[in-house]
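**Q** Encoded as structure tokens, here's the structure I'll be asking about.
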Amino acid sequence: MLEEINTWGDYRTKLREFDAVLEHGKAVSAALTGVALTTPQASYGEQIFVKLLAHCIALRRLAPDPAQAMPRELWDLPSMSAVARCVIEAHDAFEYVAGHSVSDSERGFRIRLWELHDATRRLKILARIGSTDPAIAGIRADAARLQLALDAHAHMAALPTELQAAMRLRLARNDPPDFHLNRRQRCELSGVDADWHEAITMQLSQHVHTLPFSVHQLRKFQAGTPEALRLMAQPLVFALPFLARVIHGMEVLMPGRAPKPPSRTARTIAAWRLLADRGMKDGQ
Numbered sequence: 000m001l002e003e004i005n006t007w008g009d010y011r012t013k014l015r016e017f018d019a020v021l022e023h024g025k026a027v028s029a030a031l032t033g034v035a036l037t038t039p040q041a042s043y044g045e046q047i048f049v050k051l052l053a054h055c056i057a058l059r060r061l062a063p064d065p066a067q068a069m070p071r072e073l074w075d076l077p078s079m080s081a082v083a084r085c086v087i088e089a090h091d092a093f094e095y096v097a098g099h100s101v102s103d104s105e106r107g108f109r110i111r112l113w114e115l116h117d118a119t120r121r122l123k124i125l126a127r128i129g130s131t132d133p134a135i136a137g138i139r140a141d142a143a144r145l146q147l148a149l150d151a152h153a154h155m156a157a158l159p160t161e162l163q164a165a166m167r168l169r170l171a172r173n174d175p176p177d178f179h180l181n182r183r184q185r186c187e188l189s190g191v192d193a194d195w196h197e198a199i200t201m202q203l204s205q206h207v208h209t210l211p212f213s214v215h216q217l218r219k220f221q222a223g224t225p226e227a228l229r230l231m232a233q234p235l236v237f238a239l240p241f242l243a244r245v246i247h248g249m250e251v252l253m254p255g256r257a258p259k260p261p262s263r264t265a266r267t268i269a270a271w272r273l274l275a276d277r278g279m280k281d282g283q
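Taking numbering that gives the first Met the number 0, I'd label the letters of the sequence shown as residues 0 to 283.
Here it is in structure tokens:
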């Protein structure tokens with residue numbers, strides 16, 4: 000899709016597509032406001048969806064203003080790239096906790112592991128700053144309860160031998176992972192091209208970190224050239240398939256609750272979802 004951007008008009012077209020999908024995402028979120036969410040899967044899914052929407056709103060605000068023939072403000076590609084990475088990571092969390100089609104047993108295992116990772120991290124942070132907050136006792140009790148539940152969980156016993164051994168070792172070390180599956184395995188379950196997922200995450204990270212690549216590249220391209228426009232559109236183009244996927248995921252998770260998008264927006268969402276499936280290998 001990036002190779003289609005050669006002029007400001009092309010850039011504006013991609014921005015309009017982003018706006019259309021984002022507006023539909025906001026409409027889906029509004030329709031779910033006040034709806035009783037009776038399962039952790041639905042509750043976490045909705046919370047992650049709102050978080051992802053917030054990232055996309057921030058990303059859109061950081062994008063160069065398409066109303067100007069040549070934006071005068073400093074282009075902040077690193078911040079855009081950081082927020083786009085947040086979108087991808089929110090998508091991955093949504094899929095793991097709420098999106099993948101797995102058994103109730105595995106769903107419960109995943110949610111408990113996710114919560115244990117959270118409790119353990121919070122305890123480590125609080126310990127390092129020397130906190131004496133009385134809430135620590137409750138967090139520690141939650142962590143102990145979750146660890147016992149995972150140790151005895153039926154899905155733990157059903158894991159492949161090597162993975163189960165690795166998981167039990169990490170639990171014994173008080174270092175539970177946030178996901179028990181690696182990135183490639185999670186991408187396969189999501190239907191996302193794993194090589195593309197890794198490649199775009201790495202590209203965004205190159206700009207997030209202050210390294211020679213990111214310091215030199217913005218100076219290399221002249222404003223308004225196709226190369227510069229593609230570079231500025233990159234975070235938007237990389238984030239959009241994941242926004243489209245999670246909107247669809249919420250529609251599946253809460254059937255009958257989400258409004259139908261306009262037909263043109265529906266086609267745009269379908270097209271961007273497909274790009275994540277095949278990885279944009281021709282247009283990256």
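Note that CB positions come from ideal geometry on N, CA and C, so glycine has one too.
Under DSSP, the alpha helix (DSSP H) around PRO39 begins and ends at which residues?
**A** As a first step, residue 39 must be located in the sequence shown, where it is residue number 40. That run of the alpha helix (DSSP H) goes 39 to 61.
**Q** From HIS179 to ALA62, what distance separates their C-alpha atoms?
**A** If you number the sequence shown from 1, residue 179 lands on position 180. If you number the sequence shown from 1, residue 62 lands on position 63. Taking the straight line joining both Cα atoms gives about 35 Å.
**Q** Flag this pair as yes or no: are the beta carbons of LEU195 and GLU16 separated by less than 9 Å?
**A** Counting from 1 along the sequence shown, the entry for residue 195 is found at position 196. Counting from 1 along the sequence shown, the entry for residue 16 is found at position 17. The sequence shown places Trp at residue 195, not Leu. The answer is no: Cβ separation not under 9 Å.
**Q** Once DSSP output is grouped into helix, strand and coil, what is the label at ALA165?
**A** As a working mapping, residue 165 is identified with position 166 in the sequence shown. Reduced to three states, the DSSP call for ALA165 is helix.
**Q** Considering only the alpha carbon of each residue, which of LEU147, MET155, ALA30 lies closest to SER285?
**A** The chain is shown from 0 up to 283; residue 285 falls before or after that span and cannot be answered.
**Q** By the DSSP assignment, the alpha helix (DSSP H) with HIS116 in it spans what residues?
**A** Walking along the sequence shown from the start, residue 116 turns up at place 117. Unbroken alpha helix (DSSP H) run through HIS116: 103 to 127.
**Q** Within 10 angstroms of the Cβ of LEU149, are there 16 or more other Cβ atoms? Answer buried if so, exposed if not.
**A** If you number the sequence shown from 1, residue 149 lands on position 150. When all chains shown are included, LEU149 counts as buried.
**Q** Could you check whether ARG59 and LEU21 sit closer than 9 Å to each other, using their CB atoms as the reference points?
**A** Here the question's residue 21 lines up with position 22 in the sequence shown. Here the question's residue 59 lines up with position 60 in the sequence shown. Yes; because the gap between Cβ atoms is below 9 Å, this pair is in contact.
**Q** Is the region 85 to 98 touching the region 43 to 51 in the sense that three or more CB pairs, one from each, lie closer than 8 Å?
**A** Result yes; three or more Cβ-Cβ pairs closer than 8 Å.
**Q** Can you give the Cα-Cα distance for LEU158 and PRO175, rounded to whole angstroms?
**A** Numbered from its first residue, the sequence shown carries residue 158 at position 159. Numbered from its first residue, the sequence shown carries residue 175 at position 176. Their backbone Cα atoms lie some 16 Å apart in a straight line.
**Q** Can you look up ILE4 in the DSSP assignment and give me helix, strand or coil?
**A** The sequence position of residue 4 within the sequence shown is 5, counting from 1. Coil, per DSSP.
**Q** DSSP on ASP141, reduced to helix/strand/coil?
**A** One-based indexing of the sequence shown puts residue 141 at position 142. DSSP places ASP141 in helix when its eight states are reduced to three.
**Q** Please report the residue range of the alpha helix (DSSP H) in which PRO159 lies.
**A** Taking the sequence shown and counting its residues from 1, the one referred to as residue 159 is at position 160. Premise fails: PRO159 is in no alpha helix (DSSP H) and is neither H nor E.
**Q** Compute the beta-carbon to beta-carbon distance between TYR43 and ALA97, rounded to the nearest angstrom, for a pair I have assumed lies under 8 Å.
**A** Position 44 of the sequence shown, counted from the start, is the residue given in the question as residue 43. Position 98 of the sequence shown, counted from the start, is the residue given in the question as residue 97. Confirmed, about 6 Å.
**Q** Enumerate in chain order the residues of its own chain whose CB-to-CB distance from VAL245 is below 7 Å, with the five nearest sequence positions on each side excluded.
**A** Taking the first residue of the sequence shown as position 1, residue 245 is located at position 246. PHE48, LEU51, HIS90, PHE93.
**Q** Please confirm if the region 262 to 276 is in contact with the region 233 to 245, defined as three or more CB-CB distances below 8 Å between the two stretches.
**A** Yes: the two stretches touch, three or more of their Cβ pairs being nearer than 8 Å.
**Q** Between the region 110 to 126 and the region 261 to 269, can you find at least three pairs of beta-carbon atoms closer than 8 Å?
**A** The region 261 to 269, when compared against the region 110 to 126, does not touch it at the 8 Å Cβ threshold.
**Q** Take GLU250 as the anchor and find which of GLU161, GLN202, LYS25, ARG109 has the nearest alpha-carbon.
**A** Along the sequence shown, one-based indexing puts residue 250 at 251. Measuring from the Cα of GLU250, the nearest candidate turns out to be LYS25.
**Q** Within a Cβ cutoff of 6 Å, which residues of the same chain sit near LEU239, ignoring the five residues on either side of it in sequence?
**A** Numbered from 1 along the sequence shown, position 240 holds the residue referred to as residue 239. Excluding residues within five positions, the ones whose Cβ falls inside 6 Å are PHE17, TRP271.
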